[in-house]
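Structure, as structure tokens:
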Amino acid sequence: MKTTTVFFLLALSIISCKKKTIDNDTNVNNLAAMVNYGDTITNEVVFESHYKMIVFALKKGQNLKPHSAPMDAPLLMLEGSATIIIGSEKTRLSAGDIITLPKEIDHGVNSLTDCKFLLLK
832 MKTTTVFFLL
842 ALSIISCKKK
852 TIDNDTNVNN
862 LAAMVNYGDT
872 ITNEVVFESH
882 YKMIVFALKK
892 GQNLKPHSAP
902 MDAPLLMLEG
912 SATIIIGSEK
922 TRLSAGDIIT
932 LPKEIDHGVN
942 SLTDCKFLLL
952 K
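All letters in the sequence shown, in the order written, are residues 832 to 952 by my numbering.
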């Protein structure tokens with residue numbers, strides 16, 4: 832199931848994600864390169880239609896506080912590692928790992944290293 836989900840997300844990214852043009856006219860296809868680390872958590876909506884693809888960057892020690900959402904949201908770790916908290920359960924993700932954040936259950940992200948991840952919602 833994990834392999835199927837990863838394949839689906841990668842195929843979806845390739846099919847539906849448009850190239851982002853940076854000011855110097857360099858085309859960027861690498862999702863992690865679309866967002867930079869900062870003193871606060873940064874994110875960039877890289878695609879929006881019937882769903883959103885959002886890339887987040889967290890420096891080591893930055894955390895997304897627990898919150899809930901009205902829909903399931905797959906999270907794909909692009910770089911680094913983080914602890915994902917869903918309810919009272921903690922799961923460590925590293926680059927290439929994926930997890931689904933279930934709807935209406937509190938979830939949060941605690942970065943263990945500088946990390947970037949893709950969230951679909």
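All C-beta atoms in this analysis are idealised placements derived from N, C-alpha and C, irrespective of residue type, glycine included.
Quick caveat: nothing in here was measured; it's all calculated off a predicted structure.
Supposed close pair residue i, residue j - CB separation, criterion 8 Å
i: asparagine 941; j: alanine 913; result: 6 Å
Residues near residue i by beta carbon distance below 6 Å, same chain, minus five either side
i: threonine 944; result: Lys891, Gly911, Ser912
i: histidine 881; result: none
Run of the beta strand (DSSP E) containing residue i, from where it starts to where it stops
i: isoleucine 916; result: 912–917
i: alanine 888; result: 883–889
i: glutamate 875; result: 873–879
i: isoleucine 929; result: 929–932
i: threonine 944; result: Threonine 944 -> no beta strand (DSSP E), and no H or E assigned at all.
i: proline 897; result: 894–898
i: leucine 924; result: 920–925
Own chain residues within Cβ distance below 7 Å of residue i, not counting five before or after
i: lysine 947; result: Ala863, Val866, Val886, Phe887, Ala888, Leu909, Glu910, Gly911
i: aspartate 928; result: Met908
i: alanine 926; result: Met908, Leu909, Glu910, Gly911
i: leucine 924; result: Met908, Ser912, Ala913, Ile915, Ile930
i: glutamine 893; result: Ile872, Ser942
Exposed unless 16 or more other CB atoms sit within 10 angstroms - verdict on residue i
i: histidine 938; result: buried
i: isoleucine 916; result: buried
i: aspartate 856; result: Per-residue confidence for aspartate 856 stands at a pLDDT of 42, beneath the threshold of 50, marking its modelled position as unreliable; no derived number is given.
Distance CB(residue i)-CB(residue j) smaller than 8 Å
i: leucine 951; j: methionine 884; result: yes
i: isoleucine 936; j: glycine 918; result: yes
Own chain residues within Cβ distance below 8 Å of residue i, not counting five before or after
i: aspartate 809; result: No answer is possible for residue 809: the residues shown for the chain start at 832 and end at 952.
i: serine 898; result: At residue 898 the sequence reads histidine, which differs from the serine that was named. Hits under 8 Å: Asp937, His938, Gly939.
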